[in-house]
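S.K.:
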Amino acid sequence: MSMSLLAPARIVAIGRNTFTELFRQKVFYFLLLFALLVIGNSAFVSKLSFQEEFQMLKDVALGAMSVFLSLLAILTTAMLLPRDLEDRTIFTILSKPVPRYEYLLGKLLGVLILLSLSALIMGLFFIAVLVLWEQSVLAETQRALAGSPQELAAAIAVVKKAAFSWDLIPAMAILLVKSALLASLTLLISTFATSGIFAILVAACAYFIGHLQVTAREYWMSGIGGHWWTRLFTAFLALIFPDLQAFNLTDDIVAGIPLPLDIFWQTMALGGIYVVVYYSLACFLFQNREL
Amino acid sequence: MTGRISLVRSLVATLLLALAGAVLLPWQIELQYRGKAAGFRSISLNLGLREQIGQSGFLAALSGFRSPLAAILWIEAHTAWEKTEWGRMASLFDTVTTLQPHNLLYWDIASWHMAWNASAAALQDTKQSSLALRERAARQYIALGRDILERGIRNNPSDYLLYERLGILLRDKQQDHSAAADAFAKAASMSSSPAYIKRFAAYEVSKVPGREKEAYDRLRSLYEGGERFPTLLSRLEELEGKLSIPKEQRISTAAKSPSTSHRTSK
Numbered sequence: 138m139s140m141s142l143l144a145p146a147r148i149v150a151i152g153r154n155t156f157t158e159l160f161r162q163k164v165f166y167f168l169l170l171f172a173l174l175v176i177g178n179s180a181f182v183s184k185l186s187f188q189e190e191f192q193m194l195k196d197v198a199l200g201a202m203s204v205f206l207s208l209l210a211i212l213t214t215a216m217l218l219p220r221d222l223e224d225r226t227i228f229t230i231l232s233k234p235v236p237r238y239e240y241l242l243g244k245l246l247g248v249l250i251l252l253s254l255s256a257l258i259m260g261l262f263f264i265a266v267l268v269l270w271e272q273s274v275l276a277e278t279q280r281a282l283a284g285s286p287q288e289l290a291a292a293i294a295v296v297k298k299a300a301f302s303w304d305l306i307p308a309m310a311i312l313l314v315k316s317a318l319l320a321s322l323t324l325l326i327s328t329f330a331t332s333g334i335f336a337i338l339v340a341a342c343a344y345f346i347g348h349l350q351v352t353a354r355e356y357w358m359s360g361i362g363g364h365w366w367t368r369l370f371t372a373f374l375a376l377i378f379p380d381l382q383a384f385n386l387t388d389d390i391v392a393g394i395p396l397p398l399d400i401f402w403q404t405m406a407l408g409g410i411y412v413v414v415y416y417s418l419a420c421f422l423f424q425n426r427e428l
Numbered sequence: 236m237t238g239r240i241s242l243v244r245s246l247v248a249t250l251l252l253a254l255a256g257a258v259l260l261p262w263q264i265e266l267q268y269r270g271k272a273a274g275f276r277s278i279s280l281n282l283g284l285r286e287q288i289g290q291s292g293f294l295a296a297l298s299g300f301r302s303p304l305a306a307i308l309w310i311e312a313h314t315a316w317e318k319t320e321w322g323r324m325a326s327l328f329d330t331v332t333t334l335q336p337h338n339l340l341y342w343d344i345a346s347w348h349m350a351w352n353a354s355a356a357a358l359q360d361t362k363q364s365s366l367a368l369r370e371r372a373a374r375q376y377i378a379l380g381r382d383i384l385e386r387g388i389r390n391n392p393s394d395y396l397l398y399e400r401l402g403i404l405l406r407d408k409q410q411d412h413s414a415a416a417d418a419f420a421k422a423a424s425m426s427s428s429p430a431y432i433k434r435f436a437a438y439e440v441s442k443v444p445g446r447e448k449e450a451y452d453r454l455r456s457l458y459e460g461g462e463r464f465p466t467l468l469s470r471l472e473e474l475e476g477k478l479s480i481p482k483e484q485r486i487s488t489a490a491k492s493p494s495t496s497h498r499t500s501k
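Taken in order, these protein sequences are the chains called F and P.
For the first sequence, position 15 matches number 152 in the numbering used here, and the numbering has no gaps at all.
For the second sequence, position 13 matches number 248 in the numbering used here, and the numbering has no gaps at all.
#1: Kindly indicate which three-state DSSP category Phe263(F) falls into: helix, strand or coil?
#2: Could you check whether the Cβ of Gly476(P) sits closer than 7 Å to any Cβ belonging to chain F?
#3: Determine the direct distance from the alpha carbon of Ser326(P) to that of Leu369(F), and round the result to whole angstroms.
#4: Give me the Cα-Cα distance between Leu318(F) and Ile388(P), rounded to the nearest whole angstrom.
#5: Do Ile383(P) and Ser354(P) count as a contact pair if the criterion is CB distance below 7 Å?
#6: Note down the Cα distance separating Leu159(F) from Leu206(F), rounded to an integer number of angstroms.
#7: Which residues in the same chain have their Cβ closer than 6 Å to the Cβ of Ser413(P), if we skip the five residues on either side of it in sequence?
#8: Alpha carbon to alpha carbon, how far is Phe401(F) from Gly274(P)? Give it in angstroms, no decimals.
#9: Should Asp452(P) be labelled buried (16 or more other beta-carbon atoms within 10 Å of its own) or exposed?
#10: Unbroken alpha helix (DSSP H) runs of length 4 or more, entirely within the region 259-312 of chain P: which are they?
#11: With 16 other CB atoms within 10 Å as the buried threshold, where does Val164(F) fall?
#12: Output needed for Asn154(F): all residues of its chain with C-beta closer than 8 Å, excluding positions within five of it in sequence on either side, in chain order.
#13: In the DSSP assignment, the alpha helix (DSSP H) including Pro286(F) goes from what residue to what residue?
#14: Give me the Cα-Cα distance between Pro493(P) and Ser427(P), rounded to the nearest whole angstrom.
#15: Count Cβ pairs between the region 236-255 of chain P and the region 289-308 of chain P that sit closer than 8 Å; are there 3 or more?
#16: Using a Cβ cut-off of 9 Å, which residues of the region 326-340 of chain P contact any Cβ in chain A, in chain order?
#17: Using a Cβ-Cβ cut-off of 7 Å, state whether Gly387(P) counts as contacting chain F.
#18: From Leu169(F) to Met259(F), what distance separates their C-alpha atoms?
#19: CA-CA distance, Leu374(F) and Ala353(F)?
#20: Of the choices Tyr416(F), Phe384(F), Asp399(F), Glu427(F), whose alpha-carbon is the least far from that of Arg301(P)?
#21: Is Gly363(F) helix, strand or coil by DSSP?
#22: If you draw a straight line from the C-alpha of Leu366(P) to the C-alpha of Ile344(P), how long is it?
#23: Taking DSSP as the reference, what is the three-state secondary structure of Pro145(F)?
#24: Once the 5 residues before and after Tyr411(F) are set aside, which same chain residues still bring their CB inside 6 Å of it?
#25: Let me know the secondary structure DSSP gives Pro493(P) once reduced to three states.
#26: Under three-state DSSP, which class holds Ala303(F)?
#27: When the Cα atoms are used, what is the spatial distance from Lys477(P) to Leu468(P)?
#28: Establish whether the CB of Gly299(P) and some CB of chain F are separated by less than 7 Å.
#29: DSSP three-state label for Lys362(P), please.
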C-alpha cells in the first residue's frame with residue numbers, strides 16, 4: 138500500500154474526530170457559557186454614561202474572549218495525547234498506515250476548529266450585544282433630541298464613535314491566532330509531558346513567561362551590566378519563549394487606537410509561524426517517542 | 236503517560252527552538268517598534284503600578300488583561316463616587332489611567348469627577364465649618380482635575396478632546412481665560428476638532444485684557460466666514476467700541492450693507 142507524504146483525508150478524519158470529541162466535553166460548554174454570560178452581563182452595567190457602558194462592554198467582552206480562548210486552547214490540547222494513551226486509541230490509529238506527524242496535525246486541526254468555532258460564537262454574540270445596545274442608545278437619543286436636528290446629528294456621531302468599530306474584528310482575529318499559538322505550544326509540551334496536568338502547568342508557566350519575554354529580551358539586548366549567566370539566562374528565555382505581548386493589541390484597540398493593516402497582518406503571520414514551528418518540533422519529539 | 240524521549244533528541248529540539256527564536260527575533264523587535272510608533276504597547280508596567288493594583292492585578296495586567304482590569308477598577312471608582320469617597324476615586328482613576336493611558340474617556344471623566352463633582356462636594360462639606368478650608372479643598376480638587384487632563388494630553392497629544400476639556404476647566408473653574416484660549420486654540424488646530432472650538436478660543440481671548448485687537452481679528456474672521464451667533468455678535472460690538480473701530484467698518488453697518496462688508500473684508 139503506497140502512502141503519500143501528507144494525506145489530507147486522513148488528517149481531516151482525525152481532526153473531525155478530535156473536534157467531535159472535544160465538542161462533547163463538558164469543559165467546552167462550561168467555558169463557552171461562562172464567557173457568554175460575562176459578555177452579556179457587561180452590557181448591563183447600570184448607572185454609567187452610554188460611552189462608559191460601551192467601553193466596559195468592549196473591555197470586558199474582549200478580555201473574556203481572551204481568557205476563555207487561552208484556557209480552552211491549553212486545557213483541551215493538554216489532554217489530547219494523555220487521553221488517547223489512556224484509552225489506547227492512539228495505538229489503534231498508529232497501527233494503521235498513519236504517520237505520527239499526520240496524527241498530531243489532525244489533533245491540532247481539531248483543536249483549531251474548536252477554537253475558531255468558539256471565537257466565532259463569542260464574537261458574534263459580542264457584536265450582537267454591542268449593536269443592539271447601540272441601537273437602543275440611538276433610539277433614546279433620537280427621542281430626546283427630535284426637535285434639534287443639528288444637535289441630533291452630532292449626538293448620533295458621538296454614539297456611533299463610542300460603540301461598534303471595525304477594528305474590533307481584527308482584534309478578535311488576533312485573539313484567535315494567539316490561542317492557536319498556545320494550542321500548538323501545549324501540543325509540543327504534551328509530546329514530552331508525563332501527564333496532562335503536567336502539560337497544563339508547563340503551558341500555564343509558558344503563558345506567563347511569554348508575556349514577560351519582551352522584558353527579558355530588552356534586558357538581554359541592552360547589554361548593560363549583569364553577570365554573564367544572567368545575560369545567558371535572559372537570552373535563553375527570549376529565544377525559547379514566544380513574545381505573547383505582540384498579540385496583546387486589543388487593550389489599545391478598545392482604547393480607540395486604529396490598528397494599521399501591516400501590523401495586523403504581520404502579527405497574524407508571526408502567530409502562524411509560531412504554530413508551524415511548535416507543530417514541527419512536536420513532530421520531531423513525538424516521532425521516536427516510546428508509547 | 237509513560238513515554239520517553241531520548242536526551243539527545245530533547246537537546247536538539249531545544250536548540251532548534253532557540254534557533255527558531257533567533258530567526259524570529261528581528262521580526263519581533265521590528266513589530267514591537269512599529270507597534271509602539273502606532274501607539275501600541277507603549278505603557279510600562281513598573282513597580283509603581285505594581286503597588287497600586289496589587290500582585291494579582293499586576294499579573295493580570297502583564298498577561299494581557301489591562302483593559303478588563305481597567306474596566307473593573309473603573310466600575311469600582313463609580314461605586315466610590317456613589318459613596319462620595321473622593322480620595323479613593325482619585326487613587327482608582329490614577330490606576331485606571333495608568334493602565335489605559337490612550338483611552339480618552341477615562342481621562343475626560345476622571346478629570347470631570349475631580350474638578351466638578353469633588354470640588355462642589357468639598358464646598359458643601361458640612362463637616363468642615365471653615366469656608367476658607369472648604370474653598371481650599373475645592374481648589375485642590377480642581378487642580379487635580381487639571382493635572383489629570385494635562386497628563387492625559389501628554390499621553391494623547393494628537394487628539395482635540397482633552398485640550399477642549401482643559402479649555403473648559405480653565406474657563407469655568409479657574410477663570411484663566413488666557414490659558415483657556417490657548418487650550419481651545421490648540422484643540423481647534425487638530426484635524427478632527429468641531430468648528431465651535433475655534434469660536435470658543437476667540438471668546439476667551441476677548442476676555443483677556445490687552446489682547447482685544449487679537450480677539451477682534453479672530454472674531455471678525457469668524458464673522459466674515461458667515462458665523463452669526465448672538466454671543467459672537469455682542470462680543471464683536473463690544474470690542475468695536477473698545478478699539479474705536481470706524482463706524483463704516485463695524486458689523487452693524489456691514490450687516491446692513493453686504494457690499495460694504497465685502498469691501499471691508501478686502
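Positions of the beta carbon are idealized from the N, C-alpha and C atoms, including for glycine.
Here the structure is a predicted model, which means the values were calculated and not measured.
M.R.: Per the coordinate set shown:
#1: Numbered from its first residue, the first sequence carries residue 263(F) at position 126. It is helical.
#2: Sequence index remark: in the second sequence, residue 476(P) carries index 241 (1-based). Chain F contact via Cβ: absent.
#3: Against the first sequence, residue 369(F) aligns to sequence position 232. Against the second sequence, residue 326(P) aligns to sequence position 91. Roughly 40 Å between the two C-alpha positions.
#4: In the first sequence, residue 318(F) corresponds to position 181, counting from 1. In the second sequence, residue 388(P) corresponds to position 153, counting from 1. Answer to the nearest angstrom: the Cα atoms are 37 Å apart.
#5: Position 119 of the second sequence, counted from the first residue, corresponds to residue 354(P). Position 148 of the second sequence, counted from the first residue, corresponds to residue 383(P). Ile383(P) sits away from Ser354(P), with the two beta carbons spaced by 7 Å or more.
#6: Here residue 159(F) corresponds to residue number 22 of the first sequence, with the count starting at 1. Here residue 206(F) corresponds to residue number 69 of the first sequence, with the count starting at 1. The straight-line gap from Cα to Cα measures roughly 14 Å.
#7: Position 178 of the second sequence, counted from the start, is the residue given in the question as residue 413(P). Around Ser413(P), the same chain offers Val443 as residues with beta carbons nearer than 6 Å, after the five sequence neighbours per side are excluded.
#8: Mapped onto the second sequence, residue 274(P) falls at position 39. Mapped onto the first sequence, residue 401(F) falls at position 264. When only Cα atoms are considered, Gly274(P) and Phe401(F) end up about 13 Å apart.
#9: What you label residue 452(P) is simply residue 217 of the second sequence in a count that begins at 1. Exposed, since its Cβ has fewer than 16 Cβ neighbours within 10 Å.
#10: If we require 4 residues or more, the alpha helix (DSSP H) runs fully inside the region 259-312 of chain P come out as 282-297.
#11: Looking up residue 164(F) in the first sequence gives position 27. So Val164(F) counts as exposed.
#12: Locating residue 154(F) in the first sequence gives position 17, counting from the first residue. For Asn154(F), where only same-chain residues beyond five positions count, the Cβ hits under 8 Å are Gly243, Gly247.
#13: Position 149 of the first sequence, counted from the first residue, corresponds to residue 286(F). Pro286(F): member of the alpha helix (DSSP H) spanning 286-299, first to last residue.
#14: Along the second sequence, one-based indexing puts residue 493(P) at 258. Along the second sequence, one-based indexing puts residue 427(P) at 192. Only weak support is given to the placement of Pro493(P): the predicted model assigns it a pLDDT of 45, under 50, and the value that follows is read from those uncertain coordinates. Their backbone Cα atoms lie some 32 Å apart in a straight line.
#15: Pairwise C-beta distances place the region 236-255 of chain P out of contact with the region 289-308 of chain P, as fewer than three of them are shorter than 8 Å.
#16: The structure shown contains no chain A; its protein chains are F and P.
#17: Translated into positions along the second sequence, residue 387(P) becomes position 152. Nearest CB-CB separation between Gly387(P) and chain F: not below the 7 Å threshold.
#18: Against the first sequence, residue 169(F) aligns to sequence position 32. Against the first sequence, residue 259(F) aligns to sequence position 122. The C-alpha of Leu169(F) lies about 8 Å from the C-alpha of Met259(F).
#19: As a working mapping, residue 374(F) is identified with position 237 in the first sequence. As a working mapping, residue 353(F) is identified with position 216 in the first sequence. Roughly 7 Å separates the two Cα atoms.
#20: The sequence position of residue 301(P) within the second sequence is 66, counting from 1. It is Phe384(F) whose Cα lies nearest to the Cα of Arg301(P).
#21: Residue mapping note: residue 363(F) aligns to position 226 of the first sequence, counting from 1. In this structure, DSSP gives Gly363(F) a state outside helix and strand, which the three-state scheme calls coil.
#22: Within the second sequence, residue 366(P) is the residue found at index 131, counting from 1. Within the second sequence, residue 344(P) is the residue found at index 109, counting from 1. In a straight line, the C-alpha of Leu366(P) is about 27 Å away from that of Ile344(P).
#23: Taking the first residue of the first sequence as position 1, residue 145(F) is located at position 8. The three-state secondary structure of Pro145(F), taken from DSSP, is helix.
#24: Working through the first sequence from its first residue, we reach residue 411(F) at position 274. Cβ neighbours of Tyr411(F) beyond the five flanking positions: Leu318, Pro379.
#25: Start at 1 with the first residue of the second sequence, and residue 493(P) comes out as number 258. Its pLDDT being 45, under 50, Pro493(P) is placed unreliably by the model, and nothing is read from it.
#26: Position 166 of the first sequence, counted from the start, is the residue given in the question as residue 303(F). The residue asked about is misnamed: residue 303(F) is Trp in this sequence, not Ala. Of the three classes helix, strand and coil, the one that applies to Trp303(F) here is coil, per DSSP.
#27: Here residue 477(P) corresponds to residue number 242 of the second sequence, with the count starting at 1. Here residue 468(P) corresponds to residue number 233 of the second sequence, with the count starting at 1. Between the C-alpha atoms of Lys477(P) and Leu468(P) there is a straight-line separation of about 14 Å.
#28: Walking along the second sequence from the start, residue 299(P) turns up at place 64. Judged by the 7 Å Cβ criterion, Gly299(P) is in contact with chain F.
#29: Taking the first residue of the second sequence as 1, we reach residue 362(P) at position 127. Annotated three-state conformation of Lys362(P) is coil, per DSSP.
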